[in-house]
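Asks: First, the structure itself, so that you have it in front of you.
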Amino acid sequence: MSNQLLNLSKVSVGYSDTPILSDIDLALETGTVTLLGGRNGAGKSTLLKGIMGLLTDVGGTITFNNETISGPNQQSDVVDTARLGLGYVPETRRIFASLTVAENLEAGRRDGQGPRWSIQALLELFPPLTPLMARRAGALSGGEQQMLSIARTLAGQPKLLLLDEASEGLAPLVVNSLSNSLKSMASSGLTILMAEQNWRFAKDIANRVIILDQGVIAFDDDMDVFNADTALQDRLLGAQSRQEG
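Its first residue numbered 290, the sequence shown is counted upward by one per residue in our numbering.
Written out as structure tokens, the structure reads:
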């Protein structure tokens, strides 16, 4: 029996009349952590939005947990995909600034089919949030807001977490703490697809790498294979990948 959780077949994604990605074939198995990499503008965020149901210009077929969420004459929206067990943490973070940390976590709670995350479990995953439960989310630091955004999404009990540039703009100590949290999430059996520019951050978390280049998948293999080929890293990610790796 296949453990396949997400499948994309000949998927194209764009904005209005502007195509960004085409002929994307991708399959994720339950419990895997996959890095979605590529240069700036490669379409990483666009692909996550297309999977989540945030874009209407999506072609091909997307199947999640044996249900078609995008295909001919069918397009699920973000409410449908969240109900099915997709969790999405956007690059801009997603919190209610006027609510407290505790209220944000409560607002994110719903029954789901993914790993069970109680409020206590979320605080154990992100210890810095514990003394901040009564603080308004808008008063948190960038790192604290990122932790809250992820915790709030996990409170919805997703089976698959789509994570967009989680480390961007964060201090090194916060990035290290976030890395440990993501490793714990992966150990729980949560499936993660993370779009990430920070190679040093991502390479110790993901076990698979998918690289987008010029609108298509240019590489799809184990992290160990990609990590060992510095020439390939430079070609597909640019010189910055060597500096960050």
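Ideal Cβ placement from N, Cα and C applies to all residues, glycine included.
Any beta carbon of chain B sitting closer than 7 Å to that of Met341?
Replies: Given the protein chain composition of this structure (a single chain), no chain B is represented.
Asks: Tell me where the alpha helix (DSSP H) around Thr352 begins and ends.
Replies: Along the sequence shown, one-based indexing puts residue 352 at 63. That residue, Thr352, is in no alpha helix (DSSP H); its beta strand (DSSP E) goes 347 to 353.
Asks: Quick check on Pro420: buried or exposed, where buried means 16 or more other Cβ atoms within 10 Å of its Cβ?
Replies: Here residue 420 refers to the residue found at position 131 of the sequence shown. Classification of Pro420: exposed, given that the 10 Å Cβ count is below 16.
Asks: At the level of alpha carbons, what is the spacing between Pro417 and Arg398?
Replies: Translated into positions along the sequence shown, residue 417 becomes position 128. Translated into positions along the sequence shown, residue 398 becomes position 109. Their backbone Cα atoms lie some 20 Å apart in a straight line.
Asks: Do Leu450 and Gly374 have their C-beta atoms closer together than 7 Å?
Replies: For the purposes of this step, residue 450 is identified with residue 161 of the sequence shown, where counting begins at 1. For the purposes of this step, residue 374 is identified with residue 85 of the sequence shown, where counting begins at 1. For Leu450 and Gly374, no; Cβs fall outside 7 Å.
Asks: Quick one: Cα of Leu491 to Cα of Gly342, how far?
Replies: Sequence index remark: in the sequence shown, residue 491 carries index 202 (1-based). Sequence index remark: in the sequence shown, residue 342 carries index 53 (1-based). Reading the sequence as shown, one finds Ala at residue 491 and not Leu. The straight-line gap from Cα to Cα measures roughly 25 Å.
Asks: Going straight from the alpha carbon of Arg497 to that of Ser468, what length do you get?
Replies: Here residue 497 corresponds to residue number 208 of the sequence shown, with the count starting at 1. Here residue 468 corresponds to residue number 179 of the sequence shown, with the count starting at 1. Near 16 Å, if we compare the C-alpha coordinates of Ser468 and Arg497.
Asks: My parser needs the alpha helix (DSSP H) runs of 4 or more residues fully inside the stretch 474 to 508; what are they?
Replies: Segments of the alpha helix (DSSP H) lying fully in the stretch 474 to 508: 488 to 492.
Asks: What ranges does the beta strand (DSSP E) occupy inside the stretch 308 to 392, keeping only unbroken runs of at least 3 residues that lie completely in it?
Replies: For the stretch 308 to 392, whole beta strand (DSSP E) runs of length 3 or above, ordered along the chain, are 322 to 326, 347 to 353, 356 to 360, 375 to 378.
Asks: Three Cβ pairs or more, each shorter than 8 Å: is that satisfied between the stretch 300 to 315 and the stretch 328 to 335?
Replies: Judged by Cβ distances under 8 Å, the stretch 300 to 315 makes contact with the stretch 328 to 335, as three or more pairs qualify.
Asks: Do the stretch 509 to 517 and the stretch 467 to 481 meet, that is, are 3 or more Cβ pairs less than 8 Å apart?
Replies: No contact exists between the stretch 509 to 517 and the stretch 467 to 481.
Asks: Rounded to whole angstroms, what's the CA-CA distance from Ala428 to Ala386? Just pull it up for me.
Replies: Walking along the sequence shown from the start, residue 428 turns up at place 139. Walking along the sequence shown from the start, residue 386 turns up at place 97. Taking the straight line joining both Cα atoms gives about 8 Å.
Asks: Rounded to whole angstroms, what is the Cα-Cα separation between Gln363 and Met436?
Replies: The count along the sequence shown starts at 1 and reaches residue 363 at position 74. The count along the sequence shown starts at 1 and reaches residue 436 at position 147. Spanning the two alpha carbons is a distance of roughly 34 Å.
Asks: First and last residue of the alpha helix (DSSP H) that includes Gln434?
Replies: Within the sequence shown, numbered from 1, the residue matching residue 434 stands at position 145. Start and end: 431 to 443.
Asks: Among all the DSSP beta bridges, which residues are the ones paired with Leu450?
Replies: The count along the sequence shown starts at 1 and reaches residue 450 at position 161. Answer by DSSP bridge pairing, in chain order: Gly376, Ile481.
Asks: Rank Asp513, Val514, Asp502 by C-alpha distance to the C-alpha of Leu525 and give the top, closest one.
Replies: Position 236 of the sequence shown, counting from 1, holds the residue named residue 525. The shortest C-alpha separation from Leu525 is found at Asp502.
Asks: Whole angstroms is fine: what's the gap from Asp366's alpha carbon to Leu336's?
Replies: For the purposes of this step, residue 366 is taken as the residue at position 77 of the sequence shown. For the purposes of this step, residue 336 is taken as the residue at position 47 of the sequence shown. Going by the C-alpha atoms only, they are around 14 Å apart.
Asks: Look at the alpha carbon of Asp523 and the alpha carbon of Ile499, and state the distance between them as a whole number of angstroms.
Replies: Within the sequence shown, the letter at position 234 stands for residue 523. Within the sequence shown, the letter at position 210 stands for residue 499. When rounded, the distance between both Cα atoms is 15 Å.
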